[in-house]
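Take the sequence shown: its letters are residues 100 to 324, numbered as in the working numbering.
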Amino acid sequence: MKAKVQILLFFCLNILNGQVDYTSQIQIIFTSNCTGCHGNSGGLTLTSYSSVMAGGNSGAVIVPNDHANSLLWQKVNSGAMPQNNPALPTSQIDLIALWIDEGALAIPAITTPTLFINEFMASNDTTIADTSGEFADWVEIYNPSDEAVDLAGMTFSDGVDASAIPAGLPNITTVPAGGFIFVWFDKDPEEGPLHIDAKLSDGGESVILFDIDGTTIIDSIGFGE
Ligand code: HEC
100 MKAKVQILLF FCLNILNGQV DYTSQIQIIF TSNCTGCHGN SGGLTLTSYS SVMAGGNSGA
160 VIVPNDHANS LLWQKVNSGA MPQNNPALPT SQIDLIALWI DEGALAIPAI TTPTLFINEF
220 MASNDTTIAD TSGEFADWVE IYNPSDEAVD LAGMTFSDGV DASAIPAGLP NITTVPAGGF
280 IFVWFDKDPE EGPLHIDAKL SDGGESVILF DIDGTTIIDS IGFGE
């Protein structure tokens, strides 16, 4: 029961605040309250991400994903640290816990949206005409989540050629919550933001959708001749 409540709380905090950013949200707490003693004079050093993670005389002070077992959180939660100073405000103690429970990352992880390549048509000559009346290869993207997802910045590849969906046209490039969008593989990018500079019928053997980082695969399908 307790675990369930904690998970729910964590989930809500996450939605409200997004992910905690170490540099702008956590390091500034240490810099304002801790580095006067935990500078570079031996023992625990709290001046940078790597020194925090390196730990002190008792070893690691951060256990990623487990704030309760992290010595640093225990010390600030009990008020033992900052030594000889008032305890940190609860909001900062909770923020440190949330950062640890999100994995104690140096840089927030990219949260990859869930999208599916639902259907595709290669060598399309009769089925569905695109917006300019041409019969092009297409793929249908399905968004099963309850939040709209803008494809801007994501890359489509057929395994040979690739092109990114341009930004700045969210009214065209957004897949509605629970909805679909067609992306055309017609080598006609000038026709609009959903036209990829590749043709499935030109020998490509797969469709791959990459996240905005260019490397995380959101979904992919392979197909034969
Ligand atoms: C007035 C000086 C002072 C301040 C300010 C201070 N500390 Fe400390 N802290 C110490 C001393 C002294 C020790 C024991 C020696 C050591 O391990 O470095 C210690 C120990 C610790 C330890 C245990 C390290 C280990 O390896 O056993 C942690 C964790 C810690 N402090 C975290 C913090 C955090 C986080 C802050 C800021 C919110 C903070 N401290 C502020 C003086 C201070």
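In this text, a Cβ means the ideal position worked out from N, Cα and C, and glycines have one as well. All figures in this text were calculated on a predicted structure; none of them were measured in a lab.
Item, Value
"To the nearest angstrom, how far is it from the Cα of residue 320 to the Cα of residue 265?", "22 Å"
"Below 6 Å CB to CB, which residues in the same chain sit around residue 101 once its five sequence neighbours on both sides are set aside?", "With a pLDDT of 47 at residue 101, under the threshold of 50, the modelled position of that residue is not reliable, and no figure is offered here."
"Taking 8 Å as the cut-off, does the segment 240-256 touch the segment 305-321 (at least 3 CB pairs, one atom from each stretch)?", "yes"
"If the criterion is Cβ atoms closer than 7 Å, does the pair residue 176 and residue 192 meet it?", "yes"
"Report yes if the C-beta of residue 152 is less than 6 Å from at least one heavy atom of the ligand HEC; otherwise report no.", "no"
"Quick one: grab the DSSP three-state call for residue 132.", "helix"
"Using the Cα positions of residue 269 and residue 240, report the straight-line distance between them to the nearest angstrom.", "15 Å"
"Note down the Cα distance separating residue 295 from residue 310, rounded to an integer number of angstroms.", "15 Å"
"Would you mind working out which of 276, 274 and 288 sits nearest residue 263, comparing C-alpha positions?", "288"
"Output yes or no for whether 7 Å exceeds the beta carbon distance between residue 214 and residue 317.", "yes"
"Taking the alpha helix (DSSP H) that residue 189 falls in, what are its first and last residues?", "189-200"
"Below 8 Å on the Cβ atoms is my contact criterion, and I expect residue 161 with residue 171 to pass it. Report the Cβ-Cβ distance as a whole number of Å.", "6 Å"
"If you reduce the DSSP assignment to three classes, tell me which class residue 152 lands in.", "helix"
"Rounded to a whole number of angstroms, what is the C-alpha to C-alpha distance between residue 243 and residue 237?", "19 Å"
"Would you identify the three-state DSSP class for residue 306, choosing helix, strand or coil?", "strand"
"Assuming contact is defined by CB atoms lying nearer than 7 Å, are residue 120 and residue 181 in contact in what I supplied?", "no"
"Short of 7 Å in beta carbon distance, which residues of its chain neighbour residue 211, apart from the five on each side in sequence? Order them along the chain.", "310, 315 and 317"
"Let's test the definition: count the other Cβ atoms within 10 Å of the Cβ of residue 218 and tell me whether it reaches 16, buried, or not, exposed.", "exposed"
"Please identify the residue among 151, 251 and 299 whose C-alpha is closest to the C-alpha of residue 205.", "151"
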